[in-house]
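See structure below.
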Amino acid sequence: MSTPALAAAEAVGLAHRVIRHGPVGSLAEAARARGVAPADVVKTLVVRRGSDDFLFVLVPGDRVISWPKLRGLLGVSRLSMPDSEVARQATGYERGTITPLGSVRPWPVIADERVRGREITLGAGEHGLALAADADEILQALDASVADISDPEITIRSVSEGDRPMLAWLVTELWGSEVVAVRGTSLRPAEMAGFIAEQSGRLVGLLTYQLLGGDTLEIVTLNALDRRRGIGTMLIDAAAAKARRSGCREIRLTTTNDNVDALRFYQRRGFRLAELRPGAVDQARRQKPEIPLVGDYGIPLRDEIDLTLPV
Ligand SMILES: CC(C)(COP(=O)(O)OP(=O)(O)OC[C@H]1O[C@@H](n2cnc3c(N)ncnc32)[C@H](O)[C@@H]1OP(=O)(O)O)[C@@H](O)C(=O)NCCC(=O)NCCS
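Take 39 as the starting number for the sequence shown in the working numbering and just add one per residue.
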């Protein structure tokens with residue numbers, strides 16, 4: 039059975055092989071099912087440049103779009119990812135099956151330069167369907183521009199004992215002390231369980247947590263060293279998965295009244311306000327005088343706010 043993608047490949051005379059495989063849940067599984075390395079599962083992302091103005095971006099499976107590089111190349115300050123319905127209208131394809139071949143509208147294609155010079159596989163417009171072809175021929179058929187627009191993937195791993203000395207230093211850098219005050223208690227995040235986000239071996243994010251009473255995973259600290267690249271969301275997802283594996287009912291965390299960015303971030307990810315402790319930071323400051331009087335946006339730093347997320 040053909041798809042618009044396979045029909046388009048035929049129509050432009052692209053020499054290709056069709057690969058059919060069963061359902062896959064991750065890029066690594068797709069690579070195994072296609073019998074290729076992860077880098078050769080080339081991902082197609084639809085990026086929105088403006089109203090009714092989209093682009094296809096092709097990146098190797100083991101890398102991610104570099105938004106700064108892509109914005110720089112296109113000379114724009116804003117790019118976004120459309121939701122799945124908008125992407126479907128723009129391309130005719132359901133999320134997870136999108137390919138520039140046979141798209142209902144011929145949006146420009148930009149390929150990461152690392153895609154060139156070998157056989158690659160591309161989704162062919164249906165789940166479990168891919169085509170393999172020479173990358174340079176595909177790029178020519180798509181009239182693609184080629185540039186450096188990707189970064190290595192961000193990966194998440196658990197904190198290990200060897201990380202402790204580095205974490206002690208990092209927590210002090212980020213929170214002003216090795217000890218953080220939460221709910222009237224003092225905690226040492228560098229000695230707790232946690233997740234580290236890494237890119238090319240460099241730490242780019244840290245989440246620390248503790249399990250409370252068997253049914254709650256409490257996030258003690260969360261930091262993304264590079265903001266707005268999805269690191270915070272990946273760390274929350276890792277904590278939610280850990281909470282589910284541990285049989286917890288919810289994730290809980292405490293933030294402060296000035297941290298408007300965090301309140302936005304957490305609520306956008308499904309957290310609800312659960313408790314307000316007026317004056318809790320003023321009280322903690324008596325034990326820990328280095329807690330500043332004024333927080334983000336010049337807001338007086340006074341209260342603790344708890345948020346929870348069912349898992
Ligand atoms: C709160 C914090 C952890 C969020 O981390 P982050 O990595 O910036 O979070 P994300 O990138 O996952 O998401 C932030 C926003 O960037 C957007 N974003 C993610 N990737 C993006 C990308 N590549 N391009 C553009 N925007 C992107 C997300 O959609 C999100 O926006 P939304 O909330 O409107 O959906 C981070 O700001 C931080 O470290 N703050 C300081 C410490 C702190 O206050 N911690 C919380 C204490 S309780």
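Think of the CB as a built atom: it goes at the ideal place given N, C-alpha and C, for glycine as much as any other residue.
For this session: Go to Thr271, then tell me how far its beta strand (DSSP E) extends in each direction, as first and last residue.
Result: Careful: Thr271 lies outside any beta strand (DSSP E), inside the alpha helix (DSSP H) at 269-283.
For this session: Would you mind reading off the limits of the alpha helix (DSSP H) that contains Gly110?
Result: 105-112
Problem set entry | Start and end residues, alpha helix (DSSP H) containing Gly346 | One detail in the question is off: residue 346 reads as Thr in this sequence, not Gly. For Thr346, no alpha helix (DSSP H) run applies; the uninterrupted beta strand (DSSP E) run containing it begins and ends at 342-348, by DSSP.
Exercise. By DSSP, does Ala170 sit in helix, in strand, or in coil?
Worked result: strand
Exercise. Quick one: is Ala338 buried, meaning 16 or more other Cβ sit within 10 Å of its Cβ, or exposed?
Worked result: It should be pointed out that residue 338 corresponds to Pro in this sequence rather than to Ala. Taking all protein chains shown into account, Pro338 has fewer than 16 neighbouring C-beta atoms within 10 Å of its C-beta and is therefore exposed.
Exercise. Comparing alpha-carbon positions, which option in Ser122, Gly285, Tyr304 lies nearest Leu273?
Worked result: Tyr304
Exercise. Thinking C-alpha only, which one of Ile192, Ile176, Ile158 is nearest Ser238?
Worked result: Ile192
For this session: May I ask you to report which of helix, strand or coil DSSP gives Asp78?
Result: DSSP places Asp78 in helix when its eight states are reduced to three.
Exercise. Secondary structure at Pro327, three-state DSSP: helix, strand or coil?
Worked result: coil
Problem set entry | Per-residue DSSP class, three states only, for Glu256 | Secondary structure of Glu256 (DSSP, three-state): strand.
Exercise. Who are the Cβ neighbours of Ile257 in its own chain at under 7 angstroms, not counting the five residues just before and after it?
Worked result: Leu245, Tyr247, Ala277, Ile289, Leu291
For this session: Using alpha carbons as the reference points, say which of Thr294, Val319, Asp275, Thr82 lies closest to Ile194.
Result: Asp275
Exercise. Cα separation between Trp145 and Ala179?
Worked result: Rounded to whole angstroms, the separation of the alpha carbons of Ala179 and Trp145 is 13 angstroms.
Exercise. If you check the beta carbons only, do Asp253 and Asp296 fall under 9 angstroms apart?
Worked result: In this structure, Asp296 does not lie closer than 9 angstroms to Asp253 by Cβ.
Exercise. Span of the beta strand (DSSP E) holding Pro190?
Worked result: Residues 188-190.
For this session: In the DSSP assignment, find the alpha helix (DSSP H) that holds Asp299 and state where it starts and stops.
Result: For Asp299, the enclosing alpha helix (DSSP H) has its first and last residue at 298-306.
Problem set entry | Inter-stretch contact (C-beta, 8 angstroms, three-pair minimum) for the region 98-113 and the region 196-210 | no
For this session: Give the range of the alpha helix (DSSP H) segment to which Ala53 is assigned.
Result: No alpha helix (DSSP H) holds Ala53; DSSP gives it neither H nor E.
Exercise. What first and last residue would you give for the beta strand (DSSP E) that runs through Ala228?
Worked result: Segment: none, Ala228 is in no beta strand (DSSP E) and carries neither H nor E.
Problem set entry | Own chain residues within Cβ distance below 6 angstroms of Arg287, not counting five before or after | Asp253
Problem set entry | Anticipated Cβ contact below 8 angstroms, Ala128 with Arg143, distance rounded | A Cβ-Cβ separation of about 6 angstroms places Ala128 in contact with Arg143 under the 8 angstroms criterion.
Problem set entry | Where Arg126 falls: helix, strand or coil (DSSP) | Arg126: helix per DSSP, three-state reduction.
For this session: Leaving aside the five residues before and after Pro61 along the sequence, list all residues of the same chain whose C-beta is less than 8 angstroms from its C-beta, in chain order.
Result: His165, Gly166
Problem set entry | 7 angstroms Cβ shell around Ala47 - same chain, five flanking residues per side excluded | His54, Leu139, Leu169
Exercise. Where does Gly251 fall in DSSP's three states?
Worked result: coil
For this session: State yes or no: is the beta carbon of Phe309 nearer than 9 angstroms to at least one beta carbon in chain B?
Result: Within the model displayed, chain B is absent; a lone protein chain is all it includes.
Problem set entry | beta-carbon Leu212 near ligand 1 non-hydrogen atom, thresh 8 angstroms | Indeed, a heavy atom of ligand 1 lies less than 8 angstroms from the Cβ.
Exercise. Where does Gly161 land, buried or exposed, given buried means 16+ other C-beta within 10 angstroms?
Worked result: buried
For this session: Would you mind stating whether Leu260 and Ala312 have Cβ atoms separated by less than 9 angstroms?
Result: no
For this session: Quick one: give me the first and last residue of the alpha helix (DSSP H) that Ala47 is part of.
Result: 42-49
For this session: Spatial neighbours of Glu175 within its chain, please: CB distance less than 8 angstroms, with the 5 preceding and 5 following residues excluded, ordered by chain position.
Result: Leu52, Ala53
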